[in-house]
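Undergrad: Got a structure here, written out as structure tokens. Questions coming.
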Amino acid sequence: MQGLIIFILLSCILILTPPLSSCARLLLSLAAGDTFNVIHYGAVGNGKTDDSQSFLKAWEDVCGASEGTPTLEIPNGMTFMLSPVAFKGPCKTNSVHVLLQGTIVAPSRDAWNGNDKWIQFSEIDGLIIDGGGLIDGQGSSWWQDCHSNCKRPTALHINDCHGSRLTGIRHLNSAKNHISIASCTDFYISDLEITAPGESPNTDGIDISRSTSITIEKSKIGTGDDCIAINGGTSNIKINQVTCGPGHGISIGSLGEDGSYDTVEEVYVRGCTFKGCQNGARIKTWAGGAGYARKITFEDITLEDSQHPIIIDQFYSSHDGTQGPSKGSSVAVSDVTYRDVRGTSADDEAIIFNCSEESCKNIVMDQIDITSSVPGKDAHAVCKNAEGTATSTVPSVPCLSD
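Residue numbers -23 to -1, 1 to 379, in mature numbering (1 follows the signal peptide of the UniProt record, and there is no 0), belong to the letters of the sequence shown in order.
Shown next, in the form of structure tokens:
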């Protein structure tokens, strides 16, 4: 097949006439690989029948295909109920396409059997997931009676996938976090819409851990927890043009839980908007932990009625009230820049630097303008053990030099 493609390519180059476009289309067709529609493998698509085995049979052929970029097709206009399912690699080709155009819904709670992940992709290089479809986690039954005392599943877990893309998918009402990216490199995410009620517990939009070179952009995320959480072992993260709210903002951490060693560095958050969030640009570490969070930039940020728009908290405690030791964190926070952050805070404390005795070092604030969204109230900053500079910053930050 490779020789045939080269032959056609050379022919296309030699024939510089209108048929060139036809040649190009043929080349693209050959390179695209075969399409494997889940309906042809017995999927019913009525939203009630468990279609998991049909999906896995189709995946076996997709992953075993040897030419081009094979496609797992999940067609439009149909709803597929899936029990917990794992799509595993490695696959034979350099890339694999999942075309999600229809809707995937989670089963009732009694179908989980203790699984903490619903849909998994693992060890698949060149994974492409797109198509404009919907993943519905049916999370409300979990939220009502299952906060911290039961094992709720992540909706979409992607592990050890490199050079991959996730674009144009809608995610709704996960029981826990919607998307988890773990042990991945060179991963591009864009044009997602992730939605859950603001009071839904622990429904993070995107969690990233042990990964590097991840880009997230042009997405809208509104959930009951972090819109994006950047966890330990992570570096070179770029987040652009993301609208967050409701939710807990874009967070570094939490880091250092149970005395663990965690590192995060080279994070760039630009052109993002926080609407009605509980937090905005947040760094959170547990007391007693170890490691570092450094070289982090929040720039060109718009705030609309968000509580605690800028916060570093080195005495973080979990949602269930669990707290770390009283001694300050030894997770070193340094080289953090906030530039061109503007808008309104729903809380009087618009800026909070609650750092450990080791202090947060080289904090840079430039062109900050945050006012209270409550008429007649002034926003102010709370600052403990932070070192750095503040230029053209409102409200003023007392422990930073001008």
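The C-beta atom is built at its ideal place from N, Cα and C for all residues, glycine as well.
1) Do the region 182 to 191 and the region 108 to 125 make contact, defined as three or more Cβ pairs closer than 8 Å?
2) Please work out which residues of its chain come closer than 8 Å, Cβ to Cβ, to C332, disregarding the five sequence neighbours upstream and downstream, and give them in chain order.
3) Residues in its own chain within less than 6 Å of S373 by CB, not counting five upstream and five downstream?
4) Is it the case that the region 130 to 149 contacts the region 104 to 113, given that we only count it when at least three CB pairs across the two stretches are under 8 Å?
5) Is the Cβ-Cβ distance between F164 and I198 less than 8 Å?
6) Give the straight-line distance between the Cα atoms of E176 and P223, rounded to the nearest whole angstrom.
7) Tell me whether Q284 is buried or exposed, calling it buried when 16 or more other Cβ atoms sit within 10 Å of its Cβ.
8) DSSP on D122, reduced to helix/strand/coil?
9) In chain order, what residues of the same chain lie with their CB nearer than 6 Å to the CB of K215, ignoring the 5 residues before and after it?
10) Using CA atoms only, rank isn't needed, just tell me which of E234, T240 and D181 is closest to G209.
11) Between T220 and the rest of its own chain, which residues show a CB-CB distance below 6 Å, the 5 nearest in sequence each way excluded?
12) Would I227 pass as a contact of I260 if the rule is Cβ separation under 8 Å?
13) Quick check on DSSP: helix, strand or coil for V374?
14) Residues bridged to K197 by DSSP?
15) Quick one: Cα of K128 to Cα of D93, how far?
16) Apply the 10 Å Cβ neighbour rule to P286 and answer buried if 16 or more other Cβ atoms are within range, or exposed otherwise.
17) Assign D28 to one of three DSSP states: helix, strand, or coil.
18) Note down the Cα distance separating I347 from D355, rounded to an integer number of angstroms.
19) If we ignore side chains and look at the alpha-carbon of each, how far apart do D122 and R86 end up?
20) For the region 58 to 72 and the region 25 to 36, state whether three or more C-beta atom pairs, one from each stretch, are separated by less than 8 Å.
21) Mind checking which residues open and close the beta strand (DSSP E) that includes N90?
22) Which residue wins for smallest C-alpha separation from F275, given the options A264, E243, C254 and S167?
23) Which class does E234 belong to by DSSP, given the choice of helix, strand or coil?
24) Looking only at its chain, what residues have a beta carbon closer than 6 Å to the beta carbon of F64, apart from the 5 residues adjacent to it on each side?
25) Looking only at its chain, what residues have a beta carbon closer than 7 Å to the beta carbon of T168, apart from the 5 residues adjacent to it on each side?
26) Considering only the alpha carbon of each residue, which of G236, I81, N217 and V318 lies closest to G248?
27) List the endpoints of the continuous beta strand (DSSP E) containing E44.
28) Between which residues of its own chain and I81 is the CB-CB distance below 6 Å, once the five residues before and five after are set aside?
29) For D107, which of I158, E50, A132 and T70 has the nearest alpha-carbon?
30) Cα-Cα, which of T70, D203 and R142 is closest to N154?
31) Check this for me: beta carbons of A258 and G233, under 8 Å apart or not?
32) With H, G and I counted as helix, E and B as strand and the rest as coil, what does DSSP make of S117?
33) Per DSSP, Y165 forms a beta bridge with which residues?
TA: Taking the geometry as given:
1) Taking 8 Å as the limit for Cβ pairs, the verdict is that the region 108 to 125 does not touch the region 182 to 191.
2) Closer than 8 Å at Cβ, skipping near neighbours: I289, Q291, G305, V310, K361, N362 and A363.
3) Within the same chain, no residue comes within 6 Å of S373 by CB-CB distance, once the 5 residues on both sides are set aside.
4) Verdict: yes, contact present.
5) In this structure, I198 does not lie closer than 8 Å to F164 by Cβ.
6) In this model, E176 and P223 are separated by some 9 Å (Cα to Cα).
7) Counting Cβ neighbours within 10 Å, Q284 comes out buried, since at least 16 surround it.
8) Three-state result, D122: helix.
9) Within the same chain, K215 has close Cβ partners T192 and Y245.
10) The shortest CA-to-CA distance from G209 to any of E234, T240 and D181 is the one to T240.
11) Short of 6 Å from the beta carbon of T220, and not among the five residues preceding or following it, lie these beta carbons of its own chain, in chain order: K197 and T250.
12) Not a contact, by the Cβ cut-off of 8 Å.
13) Collapsing the DSSP output to three states places V374 in coil.
14) Among the bridge pairs identified by DSSP, K197 is matched with E170 and T220.
15) C-alpha separation (whole angstroms): 6 Å.
16) P286 should be labelled buried.
17) DSSP places D28 in coil when its eight states are reduced to three.
18) Between I347 and D355, the C-alpha separation is close to 10 Å.
19) When only Cα atoms are considered, D122 and R86 end up about 12 Å apart.
20) Contact between the region 58 to 72 and the region 25 to 36 is present: three or more C-beta pairs spanning the two stretches fall below 8 Å.
21) Note, N90: premise wrong, no beta strand (DSSP E); not H, not E.
22) Of all alpha-carbon atoms in A264, E243, C254 and S167, the one lying nearest the alpha-carbon of F275 is that of E243.
23) In the structure shown, E234 falls within a helical segment according to DSSP collapsed to helix, strand and coil.
24) Apart from sequence neighbours up to five positions away, the residues of its chain that approach F64 with a beta-carbon distance below 6 Å are W36 and F98, ordered along the chain.
25) The amino acid occupying residue 168 in the given sequence is Asp; Thr does not appear at that position. Apart from sequence neighbours up to five positions away, the residues of its chain that approach D168 with a beta-carbon distance below 7 Å are T144, G145, K195 and S196, ordered along the chain.
26) Per the Cα distances, N217.
27) Annotation: E44 is outside any beta strand (DSSP E) and is labelled neither H nor E by DSSP.
28) Within the same chain, F57, L59 and I112 come within 6 Å of I81 by CB-CB distance, once the 5 residues on both sides are set aside.
29) Taking each of I158, E50, A132 and T70 in turn and checking the Cα distance to D107, the smallest one comes out for E50.
30) Nearest option by C-alpha distance: D203.
31) With a cutoff of 8 Å on beta-carbon distance, A258 and G233 are scored as not near each other.
32) S117: helix per DSSP, three-state reduction.
33) In the DSSP output, where bridge partners are listed per residue, Y165 has R142 and T192.
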